[in-house]
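Written out below as structure tokens is the structure these notes cover.
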Amino acid sequence: MTSRPKYFVHSYGCQMNKLDSELVESRLLEAGYEPADTEGEANVVLLNTCSVREHAEDRVWSKLGRLRVRKRKEPELVVGMLGCMAQEHQRRVQARMPHVDLVVGPSAFGDIEKKVDAARAKNSVVAVDDGVSGDSIFRNVRVRPHRSQAYVSIMRGCNMPCTYCIVPTTRGIEISRPMHEIVEESQRLVDDGVTEITLLGQTVNAYGRDLGREFTLSRLLRELHAIEGLRRLAFITSHPNFLSAELIDTIAELPNVSRYLHLPAQSGSNRVLKTMRRGYTVERYLARAEQLWAKVPEIELHSDFIVGYPGETEADFEETVQFMERVKFAQSYVFKYSPRPGTIAADLEDDVPEHEKARRNQVLLALQEKHTREKNDRLVGQTLEVLVEGDSKVEGRMSGRTWHHRLAHFPANDPALKGQYVHVRVTEALAHSLVGELQPAPALS
Ligand code: SAH
Ligand code: SF4
Ligand code: F3S
152 MTSRPKYFVH SYGCQMNKLD SELVESRLLE AGYEPADTEG EANVVLLNTC SVREHAEDRV
212 WSKLGRLRVR KRKEPELVVG MLGCMAQEHQ RRVQARMPHV DLVVGPSAFG DIEKKVDAAR
272 AKNSVVAVDD GVSGDSIFRN VRVRPHRSQA YVSIMRGCNM PCTYCIVPTT RGIEISRPMH
332 EIVEESQRLV DDGVTEITLL GQTVNAYGRD LGREFTLSRL LRELHAIEGL RRLAFITSHP
392 NFLSAELIDT IAELPNVSRY LHLPAQSGSN RVLKTMRRGY TVERYLARAE QLWAKVPEIE
452 LHSDFIVGYP GETEADFEET VQFMERVKFA QSYVFKYSPR PGTIAADLED DVPEHEKARR
512 NQVLLALQEK HTREKNDRLV GQTLEVLVEG DSKVEGRMSG RTWHHRLAHF PANDPALKGQ
572 YVHVRVTEAL AHSLVGELQP APALS
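Residue numbering for the sequence shown follows the working numbering, beginning at 152 and increasing consecutively.
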């Protein structure tokens, strides 16, 4: 008997890619493939790729270079490029990388097992828009990396005009999934032991615009909130323009909705926001944040920032610093602007020198670290509910997430705790996480 073919999937990029990779794995498992422990022992290596910045792409190009070397020795090896780069670079890969057998864009991997079968039979497969979308397949909820946590995609694509961003090109136009499908999938996940669901979309709070007036994220949250056994419900990523009064009221009313909101600002300069075509001003962002805090005082904001966007002056940058000081985000990702071919901003001169981008990046990261640290310091002595994710990097410790999505570590060594909600009394605040001790339940403060 020949052994079952083994696969290995590398995921780059955002949570959507991580979820797509899970769906790809579930299809392969159902088709009789087996997961390889290491890339080296896999017969099929799939790279689920990201195009958002040049650096993300460079990592994939160099990985493909190494796979080319390996394939010379192992001609049977199947190499696949999935995701956003497959969409973006289909021609280049076909023309210049004959060792890549499969090129499958983000909307065409729902029948990936058939494509991998075909590639193994040496019919190289290129499917960019053409194929079955992952969203339209009936998800096998049993195949997932975490027993208690799951992502659910509620929309694909993006219709926003942000000048720097490649996502609308790689992921296509915004398409919301029908609400009943989302509710049904979530119910099956909860029936199978999931207690925390994170809904995914590039502009997740714009959900339903294409479905009709009665379909909104608020209504979806209410329907999901009614699922018995679902203890935490989160959603990423929100766009400031769609943070409606209705959504704010819904968050306030629903106790199981997580108390963090990823609401990327990108810049604190109105001039830069305008050239980025983000569609809001600093004042408008702040007004929405104030409305949110008035109704949900305990909610924390997370942001993304881009430094060194074309034409960003020192004065613009200083405005971003002041803006961060005002909002005091609990967490921020800071990115150096990276021109993406084909975007509107790619036609502008990338005029902020690399060393200056690096400096601005460091300044914002240091400021964010200070704010995160201050917020963490205030939690010392409090007892928080933590959903245990697994072993922490430090031996003898486990870790999990709080209600605000903070990482908390505590001494424990009990695999049975994984997926459980425990109470942790915070003893120490670190720059990016908390350290504490397990408390006997139900001593929640
Ligand atoms: N849909 C989400 C984020 C998508 S991409 C949103 O609208 O917020 C994730 C982050 O990557 C963005 O928030 C932005 O900060 C960053 N990003 C996108 N394009 C970029 C580029 N060309 N250079 C640097 N950072 C970029
Ligand atoms: Fe990109 Fe803007 Fe869409 Fe976010 S909202 S994915 S930054 S185009
Ligand atoms: Fe990257 Fe595509 Fe996500 S470009 S950030 S993997 S949508």
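Even glycine gets a Cβ: it sits at the ideal position worked out from N, Cα and C.
Neighbour-count burial assignment, residue i, 16 or more Cβ in a 10 Å radius
{"i": "ARG290", "result": "buried"}
{"i": "GLN513", "result": "exposed"}
{"i": "ARG511", "result": "buried"}
{"i": "LEU233", "result": "buried"}
{"i": "ASN274", "result": "exposed"}
{"i": "ARG529", "result": "exposed"}
{"i": "LYS131", "result": "No answer is possible for residue 131: it lies beyond the span of the chain, which begins at 152 and ends at 596."}
{"i": "ARG477", "result": "exposed"}
{"i": "THR578", "result": "exposed"}
{"i": "LEU581", "result": "exposed"}
{"i": "HIS390", "result": "buried"}
{"i": "ASP342", "result": "exposed"}
{"i": "THR200", "result": "buried"}
{"i": "VAL220", "result": "exposed"}
{"i": "ASP188", "result": "exposed"}
{"i": "ARG364", "result": "exposed"}
Alpha-carbon to alpha-carbon, residue j and residue i
{"i": "ARG557", "j": "VAL537", "result": "9 Å"}
{"i": "SER162", "j": "GLU225", "result": "23 Å"}
{"i": "TRP212", "j": "PHE159", "result": "17 Å"}
{"i": "THR355", "j": "LEU371", "result": "First, the residue type needs correcting, since residue 355 is Val and not Thr in the sequence shown. Each residue's Cα considered, the two are about 11 Å apart."}
{"i": "GLU239", "j": "TYR302", "result": "25 Å"}
{"i": "ARG552", "j": "GLY344", "result": "17 Å"}
{"i": "ASP502", "j": "MET236", "result": "26 Å"}
{"i": "ARG295", "j": "SER172", "result": "10 Å"}
{"i": "GLU525", "j": "HIS453", "result": "15 Å"}
{"i": "GLU451", "j": "LEU499", "result": "35 Å"}
{"i": "LEU585", "j": "SER483", "result": "17 Å"}
{"i": "ARG298", "j": "GLN338", "result": "14 Å"}
{"i": "GLU335", "j": "ILE305", "result": "12 Å"}
{"i": "PHE366", "j": "ASP209", "result": "40 Å"}
Same chain, Cβ closer than 8 Å to residue i, neighbours up to 5 away in sequence not counted
{"i": "SER287", "result": "GLY261"}
{"i": "THR464", "result": "none"}
{"i": "LEU405", "result": "LEU372, ARG373, HIS376, LEU384"}
{"i": "GLU264", "result": "ARG178, LEU179, GLU181, ALA182, TYR184"}
{"i": "ASP400", "result": "SER369, LYS446"}
{"i": "LYS157", "result": "TYR184, GLU185, PRO186, ALA187, GLU192, ALA193, ASN194, VAL195"}
Beta-carbon proximity list for residue i, same chain, < 7 Å, skipping 5 on both sides
{"i": "ILE324", "result": "GLY308, ASN310"}
{"i": "ALA594", "result": "Below a pLDDT of 50, predicted positions are generally treated as unreliable, and ALA594, at 45, falls in that range; the measurement from the model is reported next regardless. Excluding residues within five positions, the ones whose Cβ falls inside 7 Å are THR534, HIS574."}
{"i": "SER543", "result": "MET549, SER550, HIS560"}
{"i": "ASP361", "result": "GLU325, ILE326, SER327"}
{"i": "HIS250", "result": "LEU218, ARG219, LYS222, VAL230"}
{"i": "ARG293", "result": "ASP343"}
{"i": "ILE387", "result": "GLN166, THR349, LEU351, VAL355, HIS413"}
Identified DSSP bridge partners for residue i
{"i": "ALA580", "result": "LEU585"}
{"i": "SER483", "result": "SER454"}
{"i": "TYR163", "result": "TYR163 pairs with nothing; no bridge assigned."}
{"i": "VAL303", "result": "LEU350"}
{"i": "THR200", "result": "GLY234"}
{"i": "GLN590", "result": "HIS574"}
{"i": "HIS560", "result": "SER550, VAL586"}
{"i": "SER395", "result": "According to DSSP, SER395 bridges with nothing at all."}
{"i": "SER127", "result": "Nothing can be reported for residue 127: it is not among the residues displayed for the chain, which extend from 152 to 596."}
{"i": "VAL276", "result": "LEU253"}
{"i": "TYR436", "result": "BP columns for TYR436 are empty, so no partner."}
{"i": "ILE378", "result": "For ILE378, which the question treats as bridged, DSSP gives no partner whatsoever."}
For residue j and residue i, believed in contact at Cβ under 8 Å, the rounded distance
{"i": "GLY419", "j": "PHE474", "result": "3 Å"}
{"i": "VAL283", "j": "LEU179", "result": "Contact doesn't hold; Cβ gap of about 14 Å is too wide."}
{"i": "GLU507", "j": "GLY459", "result": "7 Å"}
{"i": "ASN407", "j": "LEU381", "result": "7 Å"}
{"i": "VAL175", "j": "LEU198", "result": "Contact flag wrong, Cβ pair sits at about 11 Å."}
{"i": "PHE456", "j": "THR471", "result": "6 Å"}
{"i": "PRO562", "j": "GLU588", "result": "7 Å"}
is_contact[residue i, chain C] using C-beta, thresh 8 Å
{"i": "ILE288", "result": "Here there is only one protein chain, and chain C is not present."}
Cutoff 6 Å; reference residue i; Cβ partners in own chain excluding five residues on either side
{"i": "ALA278", "result": "VAL255, ALA259"}
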